[in-house]
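Peer 1:
In my numbering, the protein residues as written are 37 to 435.
Below, the structure written as structure tokens:
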């Protein structure tokens with residue numbers, strides 16, 4: 037056996053990379069896992085407030101954005117949240133469900149990292165970490181890969197290096213560079229699941245409301261979410277804003293996002309008090325944070341009791357609260373983003389194996405490809421499913 041030759045070299049030891057390496061290794065493939073960062077699974081470790089929102093019970097293809105929206109379907113069907121939950125339970129990791137089907141570790145995200153490391157060990161996966169890949173060359177038998185001072189060869193090469201989000205823990209454009217080397221298209225990457233910044237005029241009006249959280253419905257393009265909106269000293273954050281940031285950027289960033297701070301029964305409750313003698317800001321404070329209600333009414337010069345407002349003025353005030361249009365100046369960038377929108381064009385990849393259609397035995401998995409999930413464990417489920425699909429394909433290619 038040539039010690040410098042592998043059935044597969046996986047570049048990137050994150051969620052997708054470790055899943056792929058373990059899957060192929062446990063099915064007999066000789067696998068090397070390479071990562072340039074000195075800490076294993078760091079993005080897993082910091083996820084979910086340190087407890088790793090490792091999947092979502094309600095995962096469907098509709099929870100993902102892509103220029104090729106059906107691409108993720110095959111992998112997600114063949115490796116479901118239930119499959120990953122069985123793996124978690126086999127390692128006796130305790131977990132719990134939060135809202136909307138989100139599953140978190142009871143203890144720590146390091147439980148998931150250790151589980152993946154153990155699964156790689158069971159597959160006799162070799163490691164080079166930290167180690168830099170300085171060159172990749174296609175040859176007749178596969179690929180020559182220079183890792184540090186070593187010249188290695190491999191039949192299959194898997195790129196699992198993630199996107200550009202959170203550069204302080206090692207994110208780089210390496211995966212996109214490899215894709216371009218082999219002639220693959222790239223859907224322009226953007227920070228996703230990211231807070232949005234206010235325009236200066238909106239910041240002047242609402243910047244002093246930093247820290248307020250409002251239950252709201254937020255919409256942009258085809259996306260609409262009802263969750264918390266958090267006002268910050270720079271703009272808007274919170275789950276609803278992180279969710280809608282992907283849709284706002286995938287459409288026209290010139291369009292405003294639409295925020296309804298009176299969803300559901302809140303609007304009906306206010307309409308019932310049309311004849312109240314209370315000032316409007318006091319009525320609003322019954323269903324909205326007091327500081328927001330006061331600031332809104334002051335900004336719109338609504339200082340009269342509700343029963344002294346004309347029907348037009350009263351209805352207009354409620355309509356504006358149900359359709360608050362905000363045109364962000366941009367996002368807070370990759371440092372604050374959870375994932376990357378865009379990536380390797382999936383129309384050039386097999387949806388069954390994650391392999392490049394016109395380049396033998398070259399695979400792209402996880403965040404580096406143009407598949408971006410909603411907030412709430414969906415991006416991890418894509419990592420597990422795409423990594424598993426590529427791992428199975430590599431193992432079957434040895435038969």
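Idealized CB from N, CA, C, for every residue including glycine.
Every value quoted in this text rests on a predicted model; they were computed, and no experiment measured them.
Using DSSP bridges, identify the partner residues of residue 180.
Peer 2: 173, 189
Peer 1: Expressed to the nearest angstrom, what Euclidean distance is found between the alpha-carbon atoms of residue 81 and residue 150?
Peer 2: Residue 81 and residue 150: Cα-Cα distance of roughly 10 Å.
Peer 1: Tell me which residues share the same chain as residue 188 and place their Cβ nearer than 6 Å to its Cβ, disregarding the 5 neighbours each side in the sequence.
Peer 2: 40, 181
Peer 1: Using a Cβ-Cβ cut-off of 7 Å (strictly less than) and excluding sequence neighbours within five positions of residue 220, which residues of its own chain qualify?
Peer 2: Answer for residue 220: 380, 381, 384, 392, listed in chain order.
Peer 1: Roughly how many whole angstroms lie between the Cα atoms of residue 236 and residue 399?
Peer 2: Approximately 44 Å between the Cα atoms of the pair.
Peer 1: Taking residue 269 as part of the alpha helix (DSSP H), name the residues at either end of that continuous run.
Peer 2: Element bounds for residue 269: n/a, residue is neither H nor E.
Peer 1: Let me check understanding here. Comparing Cα to Cα, which of 394, 374, 388, 415 lies closest to residue 203?
Peer 2: 374
Peer 1: So, does the region 86–95 touch the region 210–225, judging by three or more C-beta pairs under 8 Å?
Peer 2: Segments in contact, no.
Peer 1: In the DSSP assignment, what residue or residues form a beta bridge with residue 249?
Peer 2: Residue 249 pairs with 266.
Peer 1: Assign residue 435 to buried or exposed, taking buried as 16 or more other Cβ atoms, counted over all protein chains shown, within 10 Å of its Cβ.
Peer 2: Its pLDDT being 44, under 50, residue 435 is placed unreliably by the model, and nothing is read from it.
Peer 1: Whole angstroms are fine: how far does the CA of residue 390 sit from the CA of residue 47?
Peer 2: 15 Å
Peer 1: Since residue 303 contacts residue 358 with CB under 8 Å, what's their CB separation in whole angstroms?
Peer 2: 6 Å
Peer 1: So, is residue 105 buried or exposed, given that buried needs 16 or more other C-beta atoms within 10 angstroms?
Peer 2: exposed
Peer 1: Just to confirm, is the Cβ distance from residue 230 to residue 372 under 7 Å?
Peer 2: Yes. Within cutoff.
Peer 1: Alpha carbon to alpha carbon, how far is residue 129 from residue 352?
Peer 2: 53 Å
Peer 1: So within the region 41–122, which uninterrupted alpha helix (DSSP H) runs reach at least 4 residues, ignoring any that extend past its ends?
Peer 2: 51–61, 78–82, 109–114
Peer 1: Going by DSSP in three states, residue 344 sits in which element: helix, strand or coil?
Peer 2: helix
Peer 1: Determine the direct distance from the alpha carbon of residue 234 to that of residue 153, and round the result to whole angstroms.
Peer 2: For residue 153 and residue 234, the distance between alpha carbons rounds to 42 Å.
Peer 1: From which residue to which residue does the beta strand (DSSP E) around residue 394 run?
Peer 2: Residue 394 -> no beta strand (DSSP E), and no H or E assigned at all.
Peer 1: Run the CB neighbour count on residue 143, radius 10 Å, all protein chains shown included, and call it buried at 16 or more, exposed below.
Peer 2: When all chains shown are included, residue 143 counts as exposed.
Peer 1: Could you work out which residue in 429, 397, 73, 117 is closest to residue 198 when comparing CA atoms only?
Peer 2: 73
Peer 1: How big is the Cα-Cα spacing for residue 403 and residue 107?
Peer 2: 14 Å
Peer 1: Should residue 54 go down as buried or exposed, given a rule of 16 or more other Cβ atoms within 10 Å for buried?
Peer 2: buried
Peer 1: Below 8 Å on the Cβ atoms is my contact criterion, and I expect residue 246 with residue 278 to pass it. Report the Cβ-Cβ distance as a whole number of Å.
Peer 2: Not really, about 17 Å apart at Cβ, beyond 8 Å.
Peer 1: Give the secondary structure of residue 379 by DSSP, where H, G and I count as helix, E and B as strand, and everything else as coil.
Peer 2: strand
Peer 1: Given that a residue counts as buried once 16 or more other Cβ atoms are within 10 Å of its Cβ, and exposed if not, what is residue 263?
Peer 2: buried
Peer 1: Of the residues 330, 225, 56, 295, which one's Cα is nearest the Cα of residue 370?
Peer 2: 225
Peer 1: Is it true that the CB of residue 156 sits closer than 7 Å to the CB of residue 147?
Peer 2: Taking 7 Å as the Cβ cut-off, residue 147 and residue 156 do not qualify as a contacting pair.
Peer 1: Note the first and the last residue of the continuous beta strand (DSSP E) segment covering residue 131.
Peer 2: 131–133
Peer 1: Grouping DSSP H, G and I as helix and E and B as strand, with all else coil, what is residue 34?
Peer 2: There is simply no residue 34 to check, as the chain begins at 37 and stops at 435 in what is shown.
Peer 1: What span of residues does the alpha helix (DSSP H) with residue 214 cover, start to end?
Peer 2: Going by DSSP, residue 214 is part of the alpha helix (DSSP H) stretching over 210–217.
Peer 1: Would you say the region 413–428 touches the region 111–125, given that touching needs at least three Cβ pairs under 8 Å?
Peer 2: yes
Peer 1: Under DSSP, the beta strand (DSSP E) around residue 285 begins and ends at which residues?
Peer 2: Premise fails: residue 285 lies in the alpha helix (DSSP H), 275–286, not in any beta strand (DSSP E).
Peer 1: So residue 162 is in the beta strand (DSSP E); what residue range does that whole segment cover?
Peer 2: 162–164
Peer 1: Please return the same chain residues whose Cβ sits closer than 6 Å to the Cβ of residue 407, not counting the five positions on each side in sequence.
Peer 2: Close CB contacts of residue 407 within its chain, under the 6 Å cut and outside five residues either way in sequence, are with 100, 102, 108, 418 (chain order).
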